[in-house]
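Beneath this line is the structure, given in structure tokens, with notes to follow.
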Amino acid sequence: MINEGDVYIPGAVYYYEIAKEKKLVNDRKDVALHIPVIAVPKGNLGNIKELYDLKKYGIRVVLGDEKSAAIGNLSKEVLIKNNLYEEVKKNLIATTPTVNELVVYISIKQADASIIWEDNVKGVKGIEIIPILKEKNSIKTIPISSLKCSQNKDAAERFIEFVCSDKGKSVFNKHGFTAIE
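Residue numbers (my numbering): 513 to 693.
In structure tokens, the structure reads:
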């Protein structure tokens with residue numbers, strides 16, 4: 513971090529904890545969930561109904577690169593948690609450095625399935641969402657915190673109050689996240 517800014521909203525608590533260890537952030541409030549889902553092309557020709565279907569013979573899977581995309585690392589975590597990683601890897605046709613590229617693969621039917629953040633695919637034309645059961649998933653919490661270096665502490669706190677309000681949570685919901693009530 514460059515010691516500039518007022519508010520920090522990372523995609524998971526993990527990143528907040530790193531900033532906290534470096535004494536860059538104040539206390540956090542949790543505002544939304546970052547939920548991995550299975551994305552399939554409209555029509556779901558692979559007949560994907562659950563996570564275990566990603567290992568079926570002939571299913572073309574694309575995942576985020578685990579070294580450069582948070583969703584790649586998370587996908588690996590979910591697959592390992594369900595003892596599927598090695599089998600699904602056999603169906604892997606590509607990895608991408610960004611989640612946006614995964615969305616493209618699925619929307620133009622170049623792959624049968626991917627694990628993608630729900631907020632990246634909710635409402636995207638040409639893509640259907642298959643939920644991953646909560647107990648099989650690795651849902652991340654999105655926190656918000658003011659930065660210790662903030663030059664606008666009052667404004668930062670007011671913004672955090674807004675984000676945590678019903679109106680602020682509705683913005684998260686509108687953009688495909690699940691706000692924490």
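Cβ atoms here follow ideal geometry from the backbone N, Cα and C, with glycine treated the same way.
In the DSSP assignment, G638 falls outside any beta strand (DSSP E), carrying neither H nor E. When S626, I514, E516 are compared, the shortest CA-CA separation from R572 is found for S626. In the displayed model, D539 falls within a strand according to three-state DSSP.
Within the DSSP bridge table, the entry for P548 names W629 as partners. When C-beta atoms of the stretch 636-654 are compared with those of the stretch 541-558, three or more pairs fall below 8 Å, so the two segments count as touching. Counting along the chain, A606 sits inside the beta strand (DSSP E) bounded by residues 604-608. Under the three-state reduction of DSSP, I654 is assigned to strand. Note: A691 is bridge-paired with A544 in the DSSP secondary-structure output.
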